[in-house]
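Asker: In my numbering, the protein residues as written are 127 to 384. Glycine included, each C-beta is placed from N, C-alpha and C at the ideal position. Because the structure is a prediction, the values reported are computed rather than measured. One structure is given below, represented as structure tokens, and several questions about it will come after.
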Amino acid sequence: MTSFVEVTHDGHVSTLTINRPDKLNALSQEVLSDLSAAIETLATKGDVRAAVITGTGKAFVAGADIAAMKNMTEAEGRAFGVLGHEVFAAIENLRCPVIAAVNGFALGGGCELALACDFIYASSKAKFGQPEVNLGIIPGFGGTQRLPRRVGSALARELIYTGKMINAEEALRIGLANAVFEPEELLPAAAKTADEIAGKGPLAVAAAKRLIRDGVDVPLPEANRLEQAAFGEAFATEDQREGMGAFLDKRAPVFKGA
Ligand code: COA
């Protein structure tokens, strides 16, 4: 059976492409399961140092699958929300950074998927929003929590209460997207940044991702203690010797991730 998520590898960079264009890549249970399997592939592959998630066609992801949700019971709705949370947490828990290359509509679960990635590059055609209130529901895959953490509480409240869509420039202005590109430049730009990240010490990048992820939800003194421990641990790696040795030898480092 073909998967709704295509996985490709190029060196140390993997790309996941959500591929259900006839339904604007809407997240059904099947799409979420395929996404989960793709993330598991990255987690177990070992040599993946950066990843990109994008969508086929005019959407990144136009949301959770409305047709599939229409007749869900309360228990089924809760279970569907839990599944979405689990899959998106698996993205956050990947060792390597993940760039969301938002090629088009990123609505509802699509915006939430992008928010579970480390940062967002947007096509000039991208549109973002949390339109769930139009459907009588709330964001259920982390939007009420990750959006305010990303853009601030007041802007997140406005976006979630009104359900309005914003364009790429507005997303850039409010700090939801890091950069905006012409549509044909989006994937090359994401791949270039992913390549750049993949050339750094992978253990160091992974530790930085973990600290940034875990640090936001703990008091600053405790978060700083996490950093102090991880900084010390970096000196137990071959990569630290290699990185500093290469600098002093005036040559490019070759990191092994060890
Ligand atoms: N769930 C299920 N199917 C979806 C979907 C979703 N979230 N978003 C789009 N689709 C389907 C449409 O039903 C349509 O299917 P059909 O061809 O069988 O009728 C197909 O994808 C194309 O969508 P369409 O609405 O015709 O495209 P458009 O360009 O006119 O509009 C959007 C694009 C994104 C504005 C519109 O599809 C939309 O509002 N989608 C829902 C967004 C949303 O509320 N997401 C949050 C869900 S919790």
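Could you tell me the alpha carbon to alpha carbon distance between residue 354 and residue 347, rounded to whole angstroms?
Answerer: Going from the Cα of residue 354 to the Cα of residue 347 covers about 10 Å.
Asker: Do residue 234 and residue 251 come within 8 Å of each other at the CB atom, strictly closer than that value?
Answerer: Against a cut-off of 8 Å, the Cβ pair of residue 234 and residue 251 comes out as no contact.
Asker: Output yes or no for whether 8 Å exceeds the beta carbon distance between residue 218 and residue 339.
Answerer: For residue 218 and residue 339, yes; Cβs fall inside 8 Å.
Asker: Taking only heavy atoms of the ligand COA into account, decide whether any of them is closer than 7 Å to the Cβ of residue 257.
Answerer: It does: the Cβ of residue 257 is within 7 Å (strictly closer) of some heavy atom of the ligand COA.
Asker: Taking its Cβ as the centre, do 16 or more other Cβ atoms sit within 10 Å of residue 374, making it buried, or is it exposed?
Answerer: Residue 374 comes out exposed.
Asker: Mind checking who residue 135 pairs with in its DSSP beta bridge?
Answerer: Paired residues: 140.
Asker: Which residue's Cα is closest to the Cα of residue 384: 360, 292 and 376?
Answerer: Cα-wise, what sits closest to residue 384 is 360.
Asker: Can you tell which of 198, 215 and 182 has the C-alpha that lies nearest to the C-alpha of residue 336?
Answerer: For residue 336, the nearest C-alpha among the options comes from 215.
Asker: For residue 272 and residue 151, I'd like the C-alpha separation in whole angstroms.
Answerer: Cα-Cα distance, rounded: 21 Å.
Asker: Let me check understanding here. Comparing Cα to Cα, which of 136, 137, 158 and 140 lies closest to residue 130?
Answerer: Of the listed residues, the one whose Cα sits closest to residue 130 is 158.
Asker: Buried or exposed, going by whether 16 or more other CB atoms sit within 10 Å of the CB of residue 148?
Answerer: Answer is exposed; the Cβ neighbour count stays below 16.
Asker: For a test of your reading of the model: does the CB of residue 220 fall under 7 Å from any non-hydrogen atom of the ligand COA? Yes or no.
Answerer: Flag unset: Cβ of residue 220 not near the ligand COA.
Asker: Provide the residue(s) that pair with residue 208 in DSSP beta bridges, ordered along the chain.
Answerer: Beta-bridge pairing links residue 208 to no other residue.
Asker: For residue 301, verify whether its CB is less than 7 Å away from any heavy atom of the ligand COA.
Answerer: Checking the Cβ of residue 301 against the ligand COA gives no.
Asker: Can a CB atom of chain B be found closer than 8 Å to the CB of residue 194?
Answerer: No chain B is part of this structure, which consists of one protein chain only.
Asker: May I ask you to report which of helix, strand or coil DSSP gives residue 182?
Answerer: Coil, per DSSP.
Asker: I need the straight-line Cα distance from residue 304 to residue 311, nearest angstrom please.
Answerer: Roughly 15 Å separates the two Cα atoms.
Asker: Under the criterion of a Cβ to heavy atom distance below 7 Å, does residue 190 qualify as lining the ligand NAP?
Answerer: As presented, the structure is devoid of the ligand NAP, carrying the ligand COA as its sole ligands.
Asker: Please tell me whether residue 269 and residue 237 are closer than 8 Å, where the distance is taken between their beta carbons.
Answerer: The answer is yes: Cβ separation under 8 Å.
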